[in-house]
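Student: Let me begin by handing over the structure; questions about it come next.
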Amino acid sequence: MPRRPRVLYVTDLAYQARGRRYCDEDIFLTSRLRSAFDLALCHPLDATALMDGFDVVVVRNSGPVLGYQEAYAAFRAEALARGTTVYNPLTGRADMAGKQYLPDLTRAGHPVIPTVESAADLDRLPEAGAYVVKPKLGADSMGLRVVSPAELHDLPPNHALLIQPHIDFTYEVSFYFVDRTLQYSLYAPDPERRWDLRPYEPTTADRAFARHFIDWNALPYGIQRVDACRTREGALLLVELEDLNPYLSLGLLDEATRDAFVTAMTESVREAVTPLP
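One point on numbering: in the working numbering, the residue at position 100 of the sequence shown is 114, and numbering is uninterrupted.
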């Protein structure tokens, strides 16, 4: 009889986030995943030292890697060198690799919030009354500023920042995927309350929009969250594609939807693991 896969579940249970408790989500998920896996939790700073004893490393609510960039880089290097199975796999082209993908997608003509890397490229952006400036390696709104057009010229002349027009949108919406299947969607009716989320029923066009970016990222398996905003003209624009450790807002779901997500994740993790003896 094949043994059960051994899962190292990486999370920072003490991480403090505005308006939500990440630890509750991981406590719930690990309580359910234990029925299918032999599972242990560890802090992201301990993952490199422990991962050889497990079949797969599941990175969940580990917090922004900006706070431990060297340790995360070492984890990635060691996991790739050892051939460790990581969930999500380390081939992500989106937030996992920083936010360079936003100006890249802008240049390629994808439906994203227009983004450039320098004040010298402002002619590529639509005129706006204000602009959003954020670090390429930022996360969870760390380092984000809203500035006037005049202030843009005081920015340092480097490419460590991203500049976007401040979009006047009606709401933000998130699409949550396991592998390439949309599990559920949530939206924030009030733009001033980003984490006051409600269930959202996506249209066929919404589904195609979200799936477009999942296809672009081409992860073989894993959990991804496509964040978008609805403009006053009715279009969806990508805000970010979270492919490293997206918060899932599972506590806002009805029981049936939450159970379906757990089932999908369990099967996804199981299939990611090399067949065991």
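A virtual CB, placed ideally from N, CA and C, is assigned to each residue, including glycine.
Values in this document were obtained by computation on a predicted structure and should not be read as measured data.
1. Mapping the DSSP letters down to three states, classify Ala84 as helix, strand or coil.
2. Could you compute how far the alpha carbon of Leu22 sits from the alpha carbon of Ala50?
3. Could you please give the first and the last residue of the uninterrupted alpha helix (DSSP H) stretch that includes Pro117?
4. Within 10 Å of its beta-carbon, does Thr218 have 16 or more other beta-carbons around it, so buried, or fewer, so exposed?
5. Using CA coordinates, which residue listed in Tyr101, Asp60, Ala122 is at the minimum distance from Glu281?
6. Quick check on DSSP: helix, strand or coil for Ser45?
7. Could you tell me which residues DSSP pairs with Ser188 in its beta bridges?
8. Terminal residues of the continuous beta strand (DSSP E) containing Glu254?
9. What residue from Glu206, Ala249, Trp230, Ala174 has the CA that sits closest to Asp257's CA?
10. In whole angstroms, what is the alpha-carbon distance linking Leu43 and Phe227?
11. List the endpoints of the continuous alpha helix (DSSP H) containing Leu64.
12. For Asp52, which residues does DSSP report across the bridge?
13. I'd like the list of long-range same chain contacts for Arg239, defined as Cβ closer than 6 Å, with 5 residues on each side in sequence excluded.
14. State the DSSP-derived secondary structure class of Arg90, mapped to helix, strand or coil.
15. For Thr195, is the classification buried or exposed, using 16 other Cβ atoms within 10 angstroms of its Cβ as the cut-off for buried?
16. One question on the structure: do Cys56 and Thr99 come within less than 9 Å of each other, judged by their Cβ atoms?
17. Compute the distance between the beta-carbons of Val73 and Val287, then report whether it is under 9 Å.
18. I think Phe275 touches Tyr198, with their Cβ atoms under 8 Å apart; what is that distance to the nearest whole Å?
19. Leu211: which of Pro140, Pro234, Asp241 sits nearest, CA to CA?
20. Identify whether Pro292 lies in helix, strand or coil by the three-state DSSP scheme.
21. Could you check whether Val130 and Arg138 sit closer than 9 Å to each other, using their CB atoms as the reference points?
22. So which of Thr62, Gly77, Gly67 has the shortest CA-CA distance to Tyr36?
23. Using DSSP with H/G/I as helix, E/B as strand and the rest coil, what is Ile228?
24. Quick one: measure Cβ to Cβ for Ile177 and Tyr145, integer angstroms, because I've assumed they're closer than 8 Å.
25. Could you give the DSSP three-state label for Ala28: helix, strand or coil?
26. Among Pro149, Ala270, Val253, which has the Cα closest to the Cα of His124?
27. So is Pro140 buried or exposed if we call it buried at 16+ other beta carbons inside 10 Å?
28. Which same chain residues, not among the five before or five after Gly122, have their C-beta less than 7 Å away from its C-beta?
29. Mind checking Gly97: buried by the 16 CB within 10 Å criterion, or exposed?
Tutor: On the basis of the coordinates in this document:
1. Counted from its first residue, the sequence shown places residue 84 at position 70. The question names Ala, yet the displayed sequence has Glu at residue 84. Glu84 falls in the helix class under three-state DSSP.
2. Taking the sequence shown and counting its residues from 1, one reaches residue 22 at position 8. Taking the sequence shown and counting its residues from 1, one reaches residue 50 at position 36. If I take the Cα positions, the gap works out to 13 Å.
3. The sequence position of residue 117 within the sequence shown is 103, counting from 1. Pro117 -> alpha helix (DSSP H) spans 115-121.
4. For the purposes of this step, residue 218 is taken as the residue at position 204 of the sequence shown. Exposed, by the Cβ-count rule.
5. As a position in the sequence shown, residue 281 is number 267, starting the count at 1. Ranking the options by Cα distance to Glu281, first place goes to Tyr101.
6. Mapped onto the sequence shown, residue 45 falls at position 31. Looking at Ser45 - three-state DSSP - the assignment turns out to be helix.
7. Numbered from 1 along the sequence shown, position 174 holds the residue referred to as residue 188. Ser188 pairs with Leu200, Asp241.
8. As a working mapping, residue 254 is identified with position 240 in the sequence shown. Where Glu254 is concerned, the enclosing beta strand (DSSP E) stretches over 250-256.
9. Counted from its first residue, the sequence shown places residue 257 at position 243. Taking only the C-alpha atoms, the option nearest Asp257 is Trp230.
10. Counting from one through the sequence shown, the residue named residue 43 turns up at place 29. Counting from one through the sequence shown, the residue named residue 227 turns up at place 213. Rounded to whole angstroms, Leu43 to Phe227 spans 26 Å at the Cα level.
11. Here residue 64 refers to the residue found at position 50 of the sequence shown. Leu64 -> alpha helix (DSSP H) spans 61-64.
12. Walking along the sequence shown from the start, residue 52 turns up at place 38. Paired residue(s): Arg20.
13. The count along the sequence shown starts at 1 and reaches residue 239 at position 225. Closer than 6 Å at Cβ, skipping near neighbours: Ser188, Tyr190, Glu256, Pro260.
14. As a first step, residue 90 is located in the sequence shown; it is residue number 76 there, counting from the start. Note: Arg90 maps to helix in three-state DSSP.
15. Along the sequence shown, one-based indexing puts residue 195 at 181. It is exposed - the Cβ of Thr195 has fewer than 16 other Cβ atoms within 10 Å.
16. The sequence position of residue 56 within the sequence shown is 42, counting from 1. The sequence position of residue 99 within the sequence shown is 85, counting from 1. Not a contact, by the Cβ cut-off of 9 Å.
17. One-based indexing of the sequence shown puts residue 73 at position 59. One-based indexing of the sequence shown puts residue 287 at position 273. No, they are not a contact pair.
18. Locating residue 275 in the sequence shown gives position 261, where the first residue counts as 1. Locating residue 198 in the sequence shown gives position 184, where the first residue counts as 1. So it is a contact: roughly 7 Å between Cβ atoms.
19. Against the sequence shown, residue 211 aligns to sequence position 197. For Leu211, the nearest C-alpha among the options comes from Asp241.
20. Residue 292 falls outside the range modelled here, since the chain spans only 15 to 291, and no answer is possible.
21. Sequence index remark: in the sequence shown, residue 138 carries index 124 (1-based). Sequence index remark: in the sequence shown, residue 130 carries index 116 (1-based). It is a contact, given that the beta carbons lie within the stated cut-off.
22. Numbered from 1 along the sequence shown, position 22 holds the residue referred to as residue 36. The residue with the shortest Cα to Cα distance from Tyr36 is Gly77.
23. Taking the sequence shown and counting its residues from 1, one reaches residue 228 at position 214. In the structure shown, Ile228 sits in a helix (DSSP, three-state: H, G or I).
24. Numbered from 1 along the sequence shown, position 163 holds the residue referred to as residue 177. Numbered from 1 along the sequence shown, position 131 holds the residue referred to as residue 145. With 8 Å as the limit, Ile177 and Tyr145 qualify as a contact, their Cβ atoms being about 6 Å apart.
25. To locate residue 28, count along the sequence shown from 1; it is residue 14. In the structure shown, Ala28 sits in coil (DSSP, three-state: anything other than H, G, I, E or B).
26. The residue you call residue 124 lines up with position 110 of the sequence shown. Closest by alpha carbon: Val253.
27. The sequence position of residue 140 within the sequence shown is 126, counting from 1. That one is exposed.
28. To locate residue 122, count along the sequence shown from 1; it is residue 108. Note that residue 122 is Ala in the sequence shown, not Gly. Nothing meets the Cβ criterion.
29. For the purposes of this step, residue 97 is taken as residue 83 along the sequence shown, with counting starting at 1. That one is exposed.
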